[in-house]
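I have placed the structure first, in the form of structure tokens, so that the comments after it can refer back to it.
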Amino acid sequence: MEIPSTLCSNVYDFAFCPEPCYERLADLADPEDWGPGNRILKNYLSFSFSRAVFLTERDVDQTAPSNLPLVFDNDQCLFNTGLYTRRYETIYGLFEPNTKPDARQRWFLKGFFKESDPMLVSFEYLPCRVRFAEDPSELVFDYRLPIRSNIDHILGDEENLTRIPASLMGEGNSLLLRRAFEGAVVEAARRAAANHTLAVPQFYGGRIQLLLPLCLTGDKPELALTIQREDGFYAARTCLTLDMAYNNARLICRPETSWIKR
């Protein structure tokens, strides 16, 4: 399979994408909360497409077209969105050449179609889903590895501090906050060891990270701790609000665990 000599990793530079297409996709896909104006859906597609371009350019000469997330055939381009219908048919984005004179984008988003749709019968191969982890074990919390927290950064960074519960803030509460944080990390690791689905993956800086629930003042998670696997341990460098954690996690898959689910 031949691909264009240059591919835009930004889907909005790659193709003109009419707004109604997103409404169609939201209706076609298994229902979920995509936020106001389908913001989460648009971010998800943009992120997935960028990764699809990277993998396609990297692997096009080394693998079969069916193992690529982008397929070019008959002057059309097909993209595996990674989303499914209510009956778990894969949904694809179909691009055609942009025939508009002086168009900025070379392609035009024709729409989104399930795998059985007649619009896709001309494709000999259907593209595979985008993958973010080369090693599936990266997606699962390894309870044997300790967590090393950069406490000075997490509890000293101004942006991180804005996410801390107000009851733990203030000059007189610095020791209380530190103890609450350290205890919450220990508890999160134990909970993830008992139930591996509590650790939710996100993709950041070209690597898989895991999100763990932090309960600082009660039984309900208030923050998400980001941990990244290093040589023999997990490094924890920041914490996120639950909304931030969900938005990041949804860029690669729909979180099903209750602590982060919308």
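Under our numbering, the first residue of the sequence shown is numbered 382, with each subsequent residue one higher.
Backbone N, C-alpha and C fix where the C-beta goes; we use that ideal spot for every residue, glycine too.
Q) alpha helix (DSSP H) containing arginine 439: first to last residue? A) Its alpha helix (DSSP H) spans residues 420–440.
Q) Residues in its own chain within less than 7 Å of leucine 426 by CB, not counting five upstream and five downstream? A) Same-chain partners within the cutoff: Val392, Thr462.
Q: Could you tell me the boundaries of the beta strand (DSSP E) in which tyrosine 473 lies?
A: It spans 471–478 - the beta strand (DSSP E) in which tyrosine 473 sits, taken as one unbroken run.
Q) phenylalanine 562 by DSSP, collapsed to three states: which one? A) The answer is helix: DSSP assigns phenylalanine 562 an H, G or I state.
Q.
Does glycine 463 come out as helix, strand or coil in the three-state DSSP assignment?
A. Looking at glycine 463 - three-state DSSP - the assignment turns out to be strand.
Q) Thinking C-alpha only, which one of Arg439, Ala565, Leu536 is nearest arginine 512? A) Here the closest residue by C-alpha is Arg439.
Q) What are the boundary residues of the alpha helix (DSSP H) that tyrosine 403 is part of? A) Residue range 400–409 is occupied by the alpha helix (DSSP H) that includes tyrosine 403.
Q. Which residue spans inside the segment 600–641 form an unbroken beta strand (DSSP E) run of at least 3?
A. With a minimum length of 3 residues, the continuous beta strand (DSSP E) runs that stay inside the segment 600–641 are 604–610, 615–621.
Q) Does the segment 464–482 come close enough to the segment 407–417 that 3 or more CB-CB pairs lie under 8 Å? A) Verdict: yes, contact present.
Q: Specify the secondary structure class of arginine 525 as computed by DSSP and reduced to three states.
A: Arginine 525 falls in the coil class under three-state DSSP.
Q. Since aspartate 454 is in the beta strand (DSSP E), which residue starts that stretch and which ends it?
A. Its beta strand (DSSP E) spans residues 451–454.
Q. Excluding five sequence neighbours on each side, which residues of the same chain lie with their C-beta closer than 8 Å to the C-beta of leucine 557?
A. The residues are Leu549.
Q. Can you name the start and end residues of the alpha helix (DSSP H) that tyrosine 393 belongs to?
A. Note, tyrosine 393: alpha helix (DSSP H), 392–395.
Q) Just checking my contact of leucine 507 with tyrosine 473 at CB under 8 Å: how many whole Å lie between their CB atoms? A) With a Cβ gap of about 7 Å, leucine 507 and tyrosine 473 count as contacting.
**Q.** Between the CA atoms of leucine 593 and alanine 570 - distance to the nearest angstrom
**A.** Roughly 8 Å between the two C-alpha positions.
Q: Compare the C-alpha of arginine 529 against each of Gly418, Ile608, Thr598, Thr622 and name the closest.
A: If we check each option's Cα against that of arginine 529, Ile608 comes out closest.
Q) Can you name, in chain order, every residue of its own chain whose Cβ lies under 7 Å from the Cβ of valine 567, other than the five neighbours on each side? A) By the criterion of a C-beta distance shorter than 7 Å, valine 567 is surrounded by no residue of its chain, once the five residues flanking it on both sides are discounted.
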